[in-house]
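Numbering-wise, the UniProt record's numbering puts 290 at position 290 of the sequence shown, and it's gapless, one number per residue.
All remarks here apply to the structure that follows.
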Amino acid sequence: MLRVVSPSHLVNILTLKRGFSYFAPVTSGDYEHFYRYTSGRWIHDEPKQLALRYCRFNVNGLKHVAASAGNARNVTRMVKLAEGAYNKVFLISLDNSKDIIARIKTPHAGPPHLVTASEVATIQFVRSLGIPTPAILDWSSQAEQNPAEAEYIIMEKAAGVELSKVWPNLSETQKNQVILKWVVLEKSLMIPLSGGYGSLYHRADLGPVPVRDLYVNGVREPDLVIGPSIDRRFWTGERLNMELDRGPWDSPLAYHLAVANNARLWIEKYAVRPAEFGLFDPPEHIQYPHLHLSLLDQFIAVAPFLVPQDLQLTKPTLWLHDVHLNNIFVSEECLSGGDVVITSVIDWQHISILPLYLQADIPVLFRYSDGKLLPAGDSEHFLRLPDNYDTLDDEDQVRVKDDIEQTNRFLIYKRLCAHLNPEFYGALNLPTRELIFYPVKFVNNTWHNNFMLLREVLGRIYHHWEAVFGQHIACPIRISEQEAKTWREEALQWQKVQDARVGLDRLIGVADQDGWVSNDEYEGAVARNVQVMKAYVDMVMDGQSGDSVARTWPYRPS
């Protein structure tokens with residue numbers, strides 16, 4: 001029996017058993033701005049992107065649920081606060097002076113019940129660890145069984161102010177305090193877990209699907225279990241409706257093999273060689289399905305050896321990877337006194353329990369993206385302004401300062417991890433990390449992006465085999481020196497292509513490779529896209545027809 005609504009609201013739902021007609025007399029146009037994505041535009045394939053984010057629901061039904069969850073009689077105001085690929089977030093004001101949050105899943109989020117149920121269980125678990133996260137007031141993972149006619153989570157409004165709104169005005173000392181407080185918070189997630197790998201759920205919320213018992217500090221959790229992973233890699237695109245191995249898994253090797261075999265199933269069913277290749281597409285000579293299947297076979301052959309023998313490195317670990325300025329809230333009152341207190345951390349969607357060595361990575365917020373204007377130096381020492389700083393123009397001075405700040409932030413994070421979270425730092429700083437972390441990361445998506453990256457790292461594994469795995473174990477794959485050399489060169493060339501794509505996106509003004517721009521920037525981005533494409537045709541095609549470029553350009557003009 002699935003628990004699809006919180007028990008405290010069972011009576012409310014039963015009173016609506018005669019149907020939701022009470023909430024129905026609303027024409028669709030009244031709340032179309034709630035259903036549609038309105039926070040930006042796409043300069044390419046916009047109808048598809050809008051469809052992925054379109055979500056119709058019963059607004060009056062959601063208001064009723066929210067009022068009940070907030071111990072109020074009525075909703076006085078409801079506004080769309082934010083929206084992204086996976087959620088619509090509404091700020092709801094109640095007649096008892098409370099403000100609460102309602103989150104509605106978009107079709108792009110993945111399987112509605114599993115996504116919702118796992119997020120609820122994850123939030124409630126991390127709150128039990130003392131991590132400041134808004135409390136859940138009510139939720140439902142079955143659209144057909146609630147007045148809102150959609151999956152929803154009703155929760156407290158996050159305390160504090162978004163870090164993004166105050167970050168530019170923080171002192172260097174305060175920014176360093178943010179890093180310190182974040183590392184302390186991450187340390188809370190290092191609680192000893194065991195039982196397997198997958199995503200968290202309440203036991204009562206999963207029907208006839210495989211589950212594994214969760215143990216915390218060696219004690220079996222009566223309510224929580226490890227179930228199928230809700231990680232996006234298992235549900236994106238066609239994978240949503242495929243029969244795949246999504247766990248839970250009893251070992252890191254089982255996880256390795258699941259990712260590879262799932263990739264194999266996708267390639268066998270959906271990989272089709274393009275009729276034409278664009279400027280930023282993978283090279284023609286690698287886009288044959290049989291080459292990708294052969295590469296997956298090589299990964300599967302070495303997969304058992306990518307699992308560390310140190311049990312500390314394979315311990316099940318729950319980790320938050322989507323760490324950015326909009327997901328962290330801080331106390332404004334404490335900031336005014338010079339202190340930093342993290343008051344809320346949000347967005348615990350699509351979280352999985354994985355081996356520590358696969359979770360250990362630098363958060364995006366503290367990651368350094370290799371600035372181009374800084375002189376080469378020791379990456380383990382803090383940077384200062386270069387001697388030629390005064391000779392740089394204003395734009396380059398800003399970029400140099402940003403690069404220095406990012407680099408030093410990265411180093412501070414690593415040093416604090418080493419001091420305060422040594423177990424995590426040990427996995428992050430593992431000498432063989434690149435050889436055991438990146439193959440598992442790349443193997444999921446060789447067809448669109450990662451073929452050359454996976455192939456190159458497999459070449460490095462082969463040629464460092466004895467140093468890493470010992471002379472007494474024979475390497476299960478064979479790669480010649482010439483092959484490895486060619487693979488390195490092609491991987492570097494592919495990285496240049498990717499860098500050029502990033503440069504193109506900056507030039508046009510889009511925020512990601514789907515072509516998203518703000519509403520205000522849409523017309524300008526469309527014009528720049530056409531201008532850049534025409535300039536490329538004039539420069540490269542040498543008078544030839546640019547039709548093929550127009551057909552394969554990343555952002556094809558409509």
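Note that the Cβ used here is the ideal one computed from N, Cα and C, for glycine as well.
All figures in this text were calculated on a predicted structure; none of them were measured in a lab.
{"Query": "What does the Cβ neighbour count give for LYS63, buried or exposed, with the cut at 16 atoms within 10 Å?", "Result": "buried"}
{"Query": "With distances taken Cα to Cα, identify the nearest neighbour of HIS472 among HIS324, PHE305, LEU507, VAL183.", "Result": "PHE305"}
{"Query": "Apart from the five residues just before and just after ASN176, which ones in its own chain have a Cβ nearer than 7 Å to its Cβ?", "Result": "ILE412"}
{"Query": "Candidates THR106, SER164, PRO132: which alpha carbon is nearest ALA143's?", "Result": "THR106"}
{"Query": "With burial defined as no fewer than 16 other Cβ atoms inside 10 Å of the residue's Cβ, what is the status of MET539: buried or exposed?", "Result": "exposed"}
{"Query": "Could you tell me which residues DSSP pairs with PHE329 in its beta bridges?", "Result": "GLU162, SER344"}
{"Query": "Can you list, in chain order, the residues of its chain with a C-beta nearer than 8 Å to that of LEU193? Leave out the 5 residues immediately preceding and following it.", "Result": "LEU214, TYR215, VAL216, LYS315, PRO316, THR317, LEU318, ILE353"}
{"Query": "In the structure shown, what three-state DSSP assignment does PRO422 receive?", "Result": "helix"}
{"Query": "Return the CA-CA distance between ASP547 and LYS534, expressed in angstroms with no decimal places.", "Result": "11 Å"}
{"Query": "Buried or exposed for HIS44, going by 16 or more other Cβ atoms inside 10 Å?", "Result": "buried"}
{"Query": "Can you give me the start and stop residues for the beta strand (DSSP E) that ARG77 sits inside?", "Result": "75-83"}
{"Query": "If PHE125 sits next to LEU200, beta carbons under 8 Å apart, how far is it from one beta carbon to the other, in whole angstroms?", "Result": "6 Å"}
{"Query": "Per DSSP, which residues does ASP213 bridge with? Please list them.", "Result": "VAL225"}
{"Query": "According to DSSP, simplified to helix, strand and coil, what is ALA67?", "Result": "helix"}
{"Query": "May I have the straight-line CA-CA distance separating THR552 from PHE277, to the nearest angstrom?", "Result": "7 Å"}
{"Query": "Once you ignore the five residues that flank ALA85 on each side, which residues in its own chain have a CB closer than 6 Å to its CB?", "Result": "HIS108"}
{"Query": "Give every residue of the same chain whose Cβ lies closer than 7 Å to the Cβ of VAL364, excluding the five residues on either side of it in the sequence, and list them in chain order.", "Result": "VAL323, HIS324"}
{"Query": "Please state the DSSP three-state secondary structure of SER518.", "Result": "coil"}
{"Query": "Work out the CA separation of ALA427 and ARG433 for me, nearest whole Å.", "Result": "8 Å"}
{"Query": "With C-beta atoms as the reference, is LEU356 less than 9 Å away from GLU423?", "Result": "yes"}
{"Query": "Is the number of C-beta pairs between the stretch 324-338 and the stretch 291-304 that are closer than 8 Å three or more?", "Result": "no"}
{"Query": "Who are the Cβ neighbours of TYR438 in its own chain at under 6 Å, not counting the five residues just before and after it?", "Result": "VAL457"}
{"Query": "Going by Cα to Cα distance, which pick from ASP223, ARG203, VAL65, PHE410 is closest to MET148?", "Result": "Note that residue 148 is Ala in the sequence shown, not Met. With distances taken between Cα atoms, ALA148 lies closest to VAL65."}
{"Query": "Compute the beta-carbon to beta-carbon distance between PHE234 and LEU224, rounded to the nearest angstrom, for a pair I have assumed lies under 8 Å.", "Result": "Not really, about 20 Å apart at Cβ, beyond 8 Å."}
{"Query": "Run the CB neighbour count on ILE92, radius 10 Å, all protein chains shown included, and call it buried at 16 or more, exposed below.", "Result": "buried"}
{"Query": "Out of GLN513, SER171, PRO476, point me to the one whose CA is closest to VAL502's CA.", "Result": "GLN513"}
{"Query": "Out of GLU156, ASP339, GLU405, ASN429, which one is the CA nearest neighbour of ALA360?", "Result": "ASN429"}
{"Query": "What's the C-alpha gap between VAL530 and LEU504?", "Result": "12 Å"}
{"Query": "How many whole angstroms separate the CB atoms of LEU340 and LYS181, which I take to be in contact at a CB cut-off of 8 Å?", "Result": "For the record, residue 340 in the displayed sequence is Val; it is not Leu. Between LYS181 and VAL340 the Cβ distance is about 6 Å, and since that is below 8 Å, they are a contact."}
{"Query": "Kindly indicate the opening and closing residues of the alpha helix (DSSP H) around ILE179.", "Result": "172-188"}
{"Query": "Measure the CB-CB distance between ASN71 and ASN96 and report whether it falls below 9 Å.", "Result": "yes"}
{"Query": "Residue range of the alpha helix (DSSP H) that HIS113 falls in?", "Result": "112-128"}
{"Query": "Give the straight-line distance between the Cα atoms of ASN450 and PHE442, rounded to the nearest whole angstrom.", "Result": "6 Å"}
{"Query": "Taking all protein chains shown into account, decide if GLN349 is buried (16 or more other Cβ within 10 angstroms of its Cβ) or exposed.", "Result": "buried"}
{"Query": "Check whether the Cβ atoms of ILE226 and GLY198 sit closer than 9 Å, and answer yes or no.", "Result": "yes"}
{"Query": "Which residues does DSSP list as the beta-bridge partners of GLY524?", "Result": "The partner list for GLY524 (beta bridge, DSSP) is empty, contrary to what the question assumes."}
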